[in-house]
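Residue 175 in this note's numbering sits at position 156 of the sequence shown, with consecutive numbering throughout. Here a beta-carbon is modelled for each residue, glycine too, at the ideal position from N, C-alpha and C. Small disclaimer: the values here were computed from a predicted structure and weren't measured. Notes to accompany the following structure.
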Amino acid sequence: MRADARRNRSAIIDAALRAAGERGDAVSMEDIAREAGVAVGTLYRHFPDRRALLEDIAVDALRELLEATRAELGRAPAWEALLRLVDRCVALPLSLTKSLITGEPRRPELPALETEINALIAEIAADAQRQGDLRADVPPAEVVRVLNVAVCRCGARSDDHLTRVLLDGLSTPSGRTTAT
């Protein structure tokens, strides 16, 4: 891909993330093109429709999260690895990603990426349980579901009330001492 095409694609994705964050699902392709400083035709050369643009953003976000999750696997203490992943998750457009996955995504890698990420996070949760920082009475797969509730919603932050309550509910007293 030519350098100018890469810059345009990057500007389009950045603009789509900003515009969707400000105006939600109502943002149009024309709004995104204007925000990116490109012609609508340039936007459509990169993305044939709005769904393609959103799914591309979702795939990029999940690939970034998969890389981060792999990096945290096996790091001790595992509870702190989970907290770092929560911080990473809230910086990504996971509410958008989740809505695309629960629909019928055109890109088959979306559900596959989600499945792989969730399996790795369950491994980290099991490690945190063995280390005594995560409640042992909650199966790792359920820990993943709880974390999804915390991070896969609009406006999620690692320090908001819902996220804090969910993390406090999952941690043991020793885990709480390291929570951010």
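* Do three or more CB pairs link the segment 51-66 to the segment 109-117 at distances below 8 Å? -> The segment 51-66, when compared against the segment 109-117, does not touch it at the 8 Å Cβ threshold.
* What do you get for Arg105, buried or exposed, if any count of 16 or more other CB atoms within 10 angstroms of its CB means buried? -> Position check: residue 105 holds Val in this sequence, whereas Arg was assumed. Buried: at least 16 other Cβ atoms inside 10 Å.
* Asked: Hey, how far is the Cα of Cys171 from the Cα of Asp152?
  -> Going from the Cα of Cys171 to the Cα of Asp152 covers about 23 Å.
* Residue from Leu81, Ala71, Ala95, Gly60 with nearest C-alpha to Cys108 -> If you compare the alpha carbons of Leu81, Ala71, Ala95, Gly60 with that of Cys108, the shortest gap goes to Leu81.
* Which residues does DSSP pair with Ser190 in a beta bridge? -> Residue pairing by DSSP places Ser190 opposite Leu153 in a beta bridge.
* Ala147 to Glu123, Cα distance in whole Å? -> Linking Ala147 to Glu123 through their CA atoms gives a straight-line distance of about 34 Å.
* **Asp178 in three-state terms, based on DSSP** => DSSP places Asp178 outside both helix and strand once states are collapsed to three, so it counts as coil.
* To do: Enumerate in chain order the residues of its own chain whose CB-to-CB distance from Arg21 is below 6 Å, with the five nearest sequence positions on each side excluded.
  => Excluding sequence neighbours, Arg21 sits near nothing in its chain.
* **Cα-Cα separation between Asn167 and Pro192, rounded to whole angstroms** => Asn167 and Pro192 have their C-alpha atoms roughly 22 Å apart.
* With respect to the alpha helix (DSSP H) encompassing Arg126, which residues constitute its N-terminal and C-terminal limits? -> Secondary structure note for Arg126: it is in no alpha helix (DSSP H), with a DSSP letter that is neither H nor E.
* Asked: Quick one: Cα of Leu15 to Cα of Ala95, how far?
  -> There is simply no residue 15 to check, as the chain begins at 20 and stops at 199 in what is shown.
* **C-beta atoms of Glu142 and Leu84 nearer than 8 Å** => The answer is no: Cβ separation not under 8 Å.
* **Buried/exposed call for Ala182, threshold 16 Cβ in 10 Å** => Per the sequence shown, the amino acid found at residue 182 is Thr instead of Ala. With 16 or more other Cβ atoms within 10 Å, it is buried.
* Can you give me the Cβ contacts of Ala55 inside the same chain, cut-off strictly under 6 Å, excluding the 5 residues immediately before and after it? => If we look at Ala55 and ignore the five residues flanking it on each side, its Cβ neighbours are Ala30, Ile31, Ala34.
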